[in-house]
Amino acid sequence: MPRSKDDQAHLDLDGQSHVIVVSNQTFLQDGRQFEYTESRHTLDKFYFCDIARR
């Protein structure tokens, strides 16, 4: 995703023109949304590993 003015102000982009955006939504058993997060990362420092258990 192209960087925003906020990304440029708060992240050390070092000339990078894009960032990685990860969004997550968590829902309760009755379907109501419990949580929403949006994380923004620089391309050179991003590593993703996801483990889901039920």
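Per our numbering, the very first residue in the sequence shown carries number 105; after that it's consecutive. Even glycine gets a Cβ: it sits at the ideal position worked out from N, Cα and C. In this text the structure is predicted, and so the values were computed from the model without any measurement.
- Residue burial annotation: Val125 is exposed, with fewer than 16 other C-beta atoms found within 10 angstroms of its C-beta.
- If you look at His145, you'll find it in the beta strand (DSSP E) that goes 137-146.
- If you look at Gln120, you'll find it isn't in any beta strand (DSSP E); DSSP assigns it neither H nor E.
- Distances from the CA of Asp116 to each of Asp148, Glu142, Met105, Gln129 were compared; the closest alpha carbon is that of Asp148.
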